[in-house]
Amino acid sequence: MSKEITSRAEDYSQWYNDLVIKGQLADYSAVRGCMVIKPYGFALWENMRDALDKMFKDTGHVNAYFPLFIPKSFLSKEAAHVEGFAKECAVVTHYRLKNDPNGGGIIVDPDAKLEEELIVRPTSETIIWNTYKDWIQSYRDLPLLINQWANVVRWEMRTRLFLRTAEFLWQEGHTAHATKEEAIEETKKMLDVYADFVENWMALPVIKGIKTESERFAGAEDTYCIEALMQDGKALQAGTSHFLGQNFAKAFDVKFSNKENQLDYVWATSWGVSTRLVGALVMAHSDDQGLILPPRIAPWQVVIVPIYKGEEQKAMIDVKAKELIASLKDKGIRVKYDDNDNARPGWKFAEYEMKGVPVRITLGARDLENNLAEIARRDTKEKKSISMDGLPEQISDLLEEIQQNMFNRAKHYRDEHITPADTWEQFEKLLDEKTGFISAHWDGTAETEEAIKDKTKATIRCIPLANKQETGKCILSGKDSVQRVLFARAY
């Protein structure tokens, strides 16, 4: 099967597409720019979603659901917001179809035009803040901590499975607070939640930072982000958390009576991650043989493959396998027993290697006679025979070891690809030859930021929160700078 995969060195983009398709994560759909998430890919997303959902609830948030359609007039209430999303909006103009009287099939009924067009949500700030106006009257109603799991539509012309599709799945948190300080604290708290999830569940190291003014979310006062690095040296924005100030509260007249019985506008945040995290997972960890999935979110953490000749050996292995499966499940391990007679063991090995299952256990009649099983790790491809005694405990420990090893490997690559540049010549050479994050001085102006982007296709990924003050000269303009920022080409 690995022969069907384009190598990373040959064509990284095609390698990624091969893994998504052949790893059975997703498929192309009849709708241009949209994808079908297949059961294996959706199981992966469910595990990611469930872990995040628990983290949200542990920090006091609750789930709700808001309409898919947004009246067009809502978007125009916040000027920066509508400007940021206007070119990506899908618009509903009619509500009925009819048979063409000229025999041309189904047509839009011209008499069924909506009085006001509806926007298919690109994000839900406007519809949610229009609702919050009725929910918030007093400081006793605050904070309001709500999350929504939903689909959104942003009309993309150039798409790629998981990374950029016209429709995608995500969560979007929308919170309201009595003070600016509380809202900023919430914004940073949710950034930490995202970083915790991506690092400890996805085994992917991130850099926490703040976006430049040019890269902020439309309508936000500040956008915080986590940035990850893929194996081709390109950056990927893995999550964002926005401090919205009072912009949406003022646009939708959301006021509350404070403890001094004075009316004031509430303070807001929004934050979200999407199914593009599945794409990040593929690009950050996988190899030329297929997917490599972190145990904590892999649909199956362990697959058991029996090898036998005849019904007598099969019956004996089945007994041992059932005992092992029960013990593994008692430890909360997700396990699959593949006793399908229609495929040979070698085919199964390649199949589960392609799908990135962290651990494969092979139960052979001869090994079982010696109370042994063969264990194969997906991350290192290491194989060894170990005793069946205490095997569930050993597998549990091994899964944690694999999780940590995947993080360490990704972190080593990331750290090796953060490079300082002090001149324009160094900057261009690093971008083209080494790739990765380039740490360089910038004069703080949008003009210089745009000029660098035009010349190199590199953007300022973030101003790291862990930055130290360091005086220097901007790599392009030569003007004074007080700190370095991280540049990279990105998805």
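Per our numbering, residue 475 is the first one in the sequence shown, and the count goes up by one each step.
Backbone N, C-alpha and C fix where the C-beta goes; we use that ideal spot for every residue, glycine too.
Being a predicted model, the structure only gives us computed values, none of them experimental.
Determine whether the beta carbon atoms of residue i and residue j lie at a separation below 8 Å.
i	j	result
F636	V536	no
V779	P832	no
S715	I807	no
V672	V494	no
G497	K829	yes
K551	A725	yes
I681	L905	no
M631	H759	no
L678	A754	yes
L873	P769	yes
R750	F911	no
V777	D812	yes
A962	K685	no
E689	T933	yes
K733	Y606	no
K908	H891	yes
I791	L846	no
Y668	I700	yes
L802	P894	no
W644	S744	no
W774	H651	no
M664	G683	no
C948	T930	no
A795	L837	yes
F722	W603	yes
H915	G864	no
H568	A553	no
Thinking residue i and residue j are a contact (beta carbons under 8 Å), I'd like their distance in whole angstroms, please.
i	j	result
L549	T600	6 Å
A538	I620	5 Å
Q622	F691	Not really, about 16 Å apart at Cβ, beyond 8 Å.
F730	D615	7 Å
A702	F717	In fact, because the Cβ distance is near 22 Å, the residues do not count as touching under 8 Å.
Y502	L710	Y502 to L710, Cβ: 21 Å. No contact.
V626	T597	6 Å
L588	I581	Rounded, the Cβ-Cβ distance is 16 Å, inconsistent with contact.
S481	D762	5 Å
D928	S955	Wrong, their Cβ atoms sit about 20 Å apart, outside the cutoff.
R628	E557	Between E557 and R628 the Cβ distance is about 14 Å, and since that is not below 8 Å, they are no contact.
A564	V594	4 Å
V510	A500	6 Å
May I ask which residues mark the beginning and end of the beta strand (DSSP E) holding residue i?
i	result
N573	571-573
V779	776-781
H891	Neither: H891 is in no beta strand (DSSP E) and is coded neither H nor E.
K857	857-861
A966	A question about residue 966 goes unanswered here, because the residues of the chain that appear run from 475 up to 965.
T933	933-938
F961	958-962
F901	That residue, F901, is in no beta strand (DSSP E); its alpha helix (DSSP H) goes 898-903.
K942	Counting along the chain, K942 falls outside any beta strand (DSSP E), and DSSP gives it neither H nor E.
F730	729-731
I'd like the span of the alpha helix (DSSP H) that includes residue i, first residue to last.
i	result
S748	Careful: S748 lies outside any alpha helix (DSSP H), inside the beta strand (DSSP E) at 741-748.
F722	721-725
V556	553-559
Which residues does DSSP pair with residue i in a beta bridge?
i	result
V566	L592
I912	T893, F961
D917	Its beta-bridge partners do not exist; DSSP assigns none.
F548	None, per the DSSP bridge assignment.
V582	L571
F543	V594
F717	D696, T743
K587	H568
S955	G946
L737	S731
G764	D761
Taking 7 Å as the cut-off, is the beta-carbon of residue i closer than that to any non-hydrogen atom of the ligand NAD?
i	result
T649	The ligand NAD is not part of the structure shown, which contains no ligands of any sort.
Does chain D have any CB closer than 8 Å to the CB of residue i?
i	result
D906	Judged by its chain identifiers, the structure shown contains no chain D, having just a single protein chain.
Practice prompt. Could you name each continuous alpha helix (DSSP H) segment of 4 residues or more that falls completely within the stretch 601-687, going from the start of the chain to the end?
Written response: 654-674
Discussion item. Give the list of continuous alpha helix (DSSP H) stretches no shorter than 4 residues that lie fully inside the stretch 788-843.
Written reply: 819-828, 839-843
Worksheet item: What are the complete beta strand (DSSP E) segments, minimum 3 residues, inside the stretch 683-713?
Response: 696-703
Discussion item. My parser needs the beta strand (DSSP E) runs of 3 or more residues fully inside the stretch 475-536; what are they?
Written reply: 500-502, 509-511
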